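Okay, structure coming up:
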């Protein structure tokens, strides 16, 4: 049973179309990602879900009380510099009829209750923002770009916090442009580009859609032409230039084999791995999939 | 809901007290000026025939210090915090909770009124104890002028917060308005000493009407109906305009 249903959502600001046509639904308890580049319409979409904006056309249905049961972390939102973490959490907790224990939330987020907002680091601010979104014991949490601008450690700490939200059974709608974040956190993702949904799938499903191609790269002195005949192999490229030719140092030529299915076993059957050096395998990443799905020309 | 509002107001009060500049300009400066100038400048404590035999430090200067505190709160502190709240998305964030952002605005207004009452009480009581400034003969009349004038100034502050695009502009415009308004109230040239034409203009300004109303009430006179009407008019006009123009995000 979907807790959020967005159906042919369209939102324009004057003559500017922010969201052209967006549809997706989010199941209770899942972490649903909305990915897209800057200006793709992600924030507008979730702000329509949060009730902060009114759709120009289409419908947004949320099966929960928007104010009481939907917790929101907004992209551009901060607090007064002088407010302390504990004060902000206690204050926001007092807004709700069934608040969560705010001290526990602060502890989970690794926050010092006495620290003033103005002295918090970027990561601490984001974690406070997430804690504030959870302080009303919501059924749905909407998190908009929560790790943008954070250093890798702060990003990981924030991800840990989000993983724990899922364990509480809270449905999460997560806006991001980090594929790593999607891979770590999301059950399913909607890819949005130029105000339209390009795909809705699991992260693995998106990779498969983008071809799911694998690449083997190795050096060898053996002839590689016979690899082309293998059904699993799509192409074989022998590098020209610096790595070309059989070097006196015995480095061989660099060969790149692309294909799908079990390319590695197929190649190994013809060319024993002992005859190759520096073998490595690359897969299509979610980043590649994202580029394929959204088109490269858009910036 | 009342519990929530109480909590909101308590947090806002604490935040106010953590702003040394706000506390200084709204409370310490007016009280300090009254006591400092009142005790050190001899002319301030001499009966002045051009002021109807009062001492400058009595109704004229005391009224100006009460006014200074309220004008600072209304044109600087209140719009400053509201614009920062809007700029930082606090009002928008609140609109996603069961609490309306207007509750924060109401809490801000309440804090500013309370601070104005505290500053005014300190000014009157310390002025009385240290300088022998007479307390208002009719506290009721004084309270009416104080409440009406404070509402007027706060309504103007809300209008300023409504139209100012950011914190920098609100501070700039606030101070740019403050000096002429204080001058017209008689801060540097008491109204009784103003040229006729300037006093006529001052009669119709919010601070001129408020300042004279305070002086009358402190001196034990009834405020002039013209000044009450001018204050009510400004309060209504600024209040309605602020309500129409206020943006929450």
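Residue numbers (the numbering used here), protein chains in the order written: chain V, 1329 to 1627; chain D, -18 to 230.
Virtual Cβ for every residue (Gly too), placed ideally from N, Cα, C.
Here the structure is a predicted model, which means the values were calculated and not measured.
Secondary structure at residue i, three-state DSSP: helix, strand or coil?
| i | result |
| --- | --- |
| residue 1499 (chain V) | strand |
| residue 1447 (chain V) | helix |
| residue 193 (chain D) | helix |
| residue 1475 (chain V) | coil |
| residue 1525 (chain V) | strand |
| residue 1485 (chain V) | helix |
| residue 1441 (chain V) | coil |
| residue 1410 (chain V) | coil |
| residue 109 (chain D) | helix |
| residue 1516 (chain V) | strand |
| residue 1609 (chain V) | strand |
| residue 1337 (chain V) | strand |
| residue 1373 (chain V) | helix |
| residue 1386 (chain V) | strand |
| residue 1604 (chain V) | strand |
| residue 1470 (chain V) | strand |
| residue 1332 (chain V) | strand |
| residue 1552 (chain V) | coil |
| residue 1561 (chain V) | strand |
| residue 1575 (chain V) | Because residue 1575 (chain V) sits at a pLDDT of 47, beneath the cut-off of 50, its placement in the model cannot be relied upon, and the point is left open. |
| residue 1492 (chain V) | helix |
| residue 83 (chain D) | helix |
| residue 1455 (chain V) | helix |
At the level of alpha carbons, what is the spacing between residue i and residue j?
| i | j | result |
| --- | --- | --- |
| residue 1532 (chain V) | residue 1524 (chain V) | 21 angstroms |
| residue 1481 (chain V) | residue 1444 (chain V) | 22 angstroms |
| residue 1335 (chain V) | residue 145 (chain D) | 38 angstroms |
| residue 1410 (chain V) | residue 180 (chain D) | 43 angstroms |
| residue 1343 (chain V) | residue 1383 (chain V) | 14 angstroms |
| residue 1575 (chain V) | residue 1599 (chain V) | Note on residue 1575 (chain V): pLDDT 47, under 50, position unreliable in the model; the coordinate value appears next. Taking the straight line joining both Cα atoms gives about 20 angstroms. |
| residue 149 (chain D) | residue 1425 (chain V) | 38 angstroms |
| residue 1451 (chain V) | residue 1394 (chain V) | 27 angstroms |
| residue 1619 (chain V) | residue 1534 (chain V) | 11 angstroms |
| residue 171 (chain D) | residue 64 (chain D) | 33 angstroms |
| residue 1536 (chain V) | residue 1614 (chain V) | 9 angstroms |
| residue 84 (chain D) | residue 121 (chain D) | 29 angstroms |
| residue 1435 (chain V) | residue 1468 (chain V) | 21 angstroms |
| residue 1432 (chain V) | residue 1470 (chain V) | 20 angstroms |
| residue 1627 (chain V) | residue 1368 (chain V) | Note that residue 1627 (chain V) scores a pLDDT of 45, beneath 50, so its modelled location is shaky; the value from the coordinates is reported in the next line. One C-alpha to the other measures close to 10 angstroms. |
| residue 1605 (chain V) | residue 1545 (chain V) | 9 angstroms |
| residue 102 (chain D) | residue 119 (chain D) | 15 angstroms |
| residue 1593 (chain V) | residue 1503 (chain V) | 39 angstroms |
What is the residue span of the beta strand (DSSP E) that residue i lies within?
| i | result |
| --- | --- |
| residue 1401 (chain V) | 1398 to 1401 |
| residue 1543 (chain V) | 1542 to 1548 |
| residue 1346 (chain V) | 1344 to 1355 |
| residue 121 (chain D) | Here residue 121 (chain D) belongs to no beta strand (DSSP E); instead the alpha helix (DSSP H) covers 120 to 144. |
Here's a check: name, in chain order, each residue in its chain whose Cβ is nearer than 7 angstroms to the Cβ of residue i, leaving out the five neighbours to either side.
| i | result |
| --- | --- |
| residue 38 (chain D) | 19, 25, 26, 112 and 114 |
| residue 196 (chain D) | 40, 41 and 44 |
| residue 1589 (chain V) | 1560 |
| residue 1572 (chain V) | Note that residue 1572 (chain V) has pLDDT 48, beneath the 50 cutoff, so the model's placement of it is unreliable and the number below is only indicative. Closer than 7 angstroms at Cβ, skipping near neighbours: 1581. |
| residue 1338 (chain V) | 1347, 1348, 1349, 1383, 1384, 1385 and 1386 |
| residue 99 (chain D) | 8 |
| residue 135 (chain D) | 55, 59, 90 and 93 |
| residue 14 (chain D) | 46 |
| residue 3 (chain D) | -3 and 58 |
| residue 75 (chain D) | 82 and 85 |
| residue 1357 (chain V) | 1497 and 1499 |
For the ligand MG, any of its heavy atoms closer than 7 angstroms to the Cβ of residue i?
| i | result |
| --- | --- |
| residue -5 (chain D) | No copy of the ligand MG occurs in the structure displayed, which carries no ligand at all. |
Taking DSSP's pairing of strands, which residues face residue i in a bridge?
| i | result |
| --- | --- |
| residue 1536 (chain V) | Per DSSP, none; premise fails for residue 1536 (chain V). |
| residue 1566 (chain V) | V:1583 |
| residue 1361 (chain V) | V:1502 and V:1517 |
| residue 36 (chain D) | D:28 |
Quick one: residues in its chain with C-beta nearer than 6 angstroms to the C-beta of residue i, no 5 flanking neighbours on either side, listed in chain order?
| i | result |
| --- | --- |
| residue 185 (chain D) | 211 |
| residue 57 (chain D) | 155 |
| residue 216 (chain D) | 132, 133 and 136 |
Hey, could you find the ends of the alpha helix (DSSP H) residue i is sitting in?
| i | result |
| --- | --- |
| residue 202 (chain D) | Looking at the DSSP string, residue 202 (chain D) is not in any alpha helix (DSSP H), and its letter there is neither H nor E. |
| residue 1434 (chain V) | 1430 to 1436 |
| residue 46 (chain D) | 40 to 53 |
| residue 1615 (chain V) | 1614 to 1622 |
| residue 184 (chain D) | 177 to 184 |
| residue 1596 (chain V) | 1591 to 1598 |
| residue 231 (chain D) | Shown here, chain D extends from -18 to 230; a query on residue 231 (chain D) therefore has no answer. |
| residue 164 (chain D) | 148 to 166 |
| residue 62 (chain D) | 59 to 68 |
Here's a check: name, in chain order, each residue in its chain whose Cβ is nearer than 8 angstroms to the Cβ of residue i, leaving out the five neighbours to either side.
| i | result |
| --- | --- |
| residue 60 (chain D) | 138, 139, 141, 142, 145, 151 and 155 |
| residue 1412 (chain V) | 1441, 1442, 1443, 1444 and 1445 |
| residue 1623 (chain V) | 1521 |
| residue 1464 (chain V) | 1396, 1397, 1399, 1420, 1421, 1423, 1424, 1426, 1427 and 1428 |
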